[in-house]
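Mapped onto my numbering, the consecutive letters of the sequence shown carry residue numbers 233 to 366.
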Amino acid sequence: MSIKFVGGAPVLPKHRLSCHCGALVFEVDLPDGIVNPRHCDCSICRRKGAVVASVPLSGIRLLQGQEHLRQYQFNTGVARHYFCGVCGIYTHHQRRSFPDQYGYNVGCLEGINPFLLGDVPVSDGVNHPADRRS
Ligand SMILES: [Zn+2]
């Protein structure tokens, strides 16, 4: 699923993504729009409740706010969750299931209302593939 307009607002090929207070500003490459938006029900995402979508690691660039960028790791320490040290808003994370991708907070895309996406599927983060023992 690839979305180029959300409630009439265009998703730009290079879209700005920012935290709430504006300390962190990123540029995100979205040539195909918002790809595969979802909720995740893992222990951290269920608390955040954010709609996330994915980009390659090279697809997010920090334009300003390096000194306010904070990182949180837990459990296996593979995934890196980034947030603003001033306002606390989650902006993006390095994915554990696909470490060559970032998940980003669709609600941080400037001018995009994630609640206009309609039904967003829930991905099964509780039963993470990396936790399965076969
Ligand atoms: Zn902030």
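Backbone N, C-alpha and C fix where the C-beta goes; we use that ideal spot for every residue, glycine too.
ask   = Given a threshold of 16 other Cβ atoms within 10 Å of its Cβ, counted over all protein chains shown, does F346 qualify as buried or as exposed?
value = One-based indexing of the sequence shown puts residue 346 at position 114. The amino acid occupying residue 346 in the given sequence is Pro; Phe does not appear at that position. Taking every protein chain shown into account, the CB of P346 has 16 or more other CB atoms within 10 angstroms, so this residue is buried.
request  = Take G317 and list the residues in its own chain whose beta-carbon comes closer than 6 angstroms to its own, dropping the five residues that flank it on each side.
outcome  = Within the sequence shown, the letter at position 85 stands for residue 317. Same-chain partners within the cutoff: H300, R302.
Euclidean distance between Cα positions of D332 and V267 = Here residue 332 refers to the residue found at position 100 of the sequence shown. Here residue 267 refers to the residue found at position 35 of the sequence shown. C-alpha separation (whole angstroms): 15 angstroms.
key: Proximity winner among V260, D273, P288, relative to S295 (alpha-carbon distances)   = Sequence index remark: in the sequence shown, residue 295 carries index 63 (1-based). The sequence given here places Leu at residue 295; Ser does not occur at that position. L295 has its Cα closest to that of V260, out of V260, D273, P288.
inquiry  = For a test of the three-state rule: what should DSSP assign to C277, helix, strand or coil?
reply    = Your numbering for residue 277 matches position 45 in the sequence shown. C277 falls in the helix class under three-state DSSP.
request  = Give the straight-line distance between the Cα atoms of K236 and R293, rounded to the nearest whole angstrom.
outcome  = Along the sequence shown, read from residue 1 onward, the residue named residue 236 stands at position 4. Along the sequence shown, read from residue 1 onward, the residue named residue 293 stands at position 61. Spanning the two alpha carbons is a distance of roughly 20 angstroms.
query = Can you tell me whether DSSP reads F330 as helix, strand or coil?
reply = Within the sequence shown, the letter at position 98 stands for residue 330. If DSSP states are grouped into helix, strand and coil, F330 belongs with coil.
query = When we look at the beta-carbon of N307 and count the other beta-carbons within 10 Å, is it buried (16 or more) or exposed?
reply = Translated into the one-based positions of the sequence shown, residue 307 becomes position 75. Around the beta carbon of N307, a 10 Å sphere encloses fewer than 16 other beta carbons of the protein chains shown; the residue is thus reported as exposed.
query = Which of helix, strand or coil does DSSP assign to C340?
reply = Here residue 340 refers to the residue found at position 108 when the sequence shown is read from its first residue. If DSSP states are grouped into helix, strand and coil, C340 belongs with the helices.
inquiry  = So, at 7 angstroms on beta carbons, what are the nonlocal neighbours of R312 in its own chain, with the 5 sequence-adjacent residues on each side left out?
reply    = Reading the sequence shown from its first residue, position 80 is the one you call residue 312. Correct list, in chain order: Q303, Q305, H325, Q326.
ask   = Going by Cα to Cα distance, which pick from G320, G265, Y334, D351 is closest to C251?
value = Counting from 1 along the sequence shown, the entry for residue 251 is found at position 19. Closest option to C251, Cα to Cα, is G320.
inquiry  = With a threshold of 6 angstroms (Cβ to nearest heavy atom), would C316 be considered close to ligand 1?
reply    = Working through the sequence shown from its first residue, we reach residue 316 at position 84. Result yes, Cβ under 6 angstroms from ligand 1.
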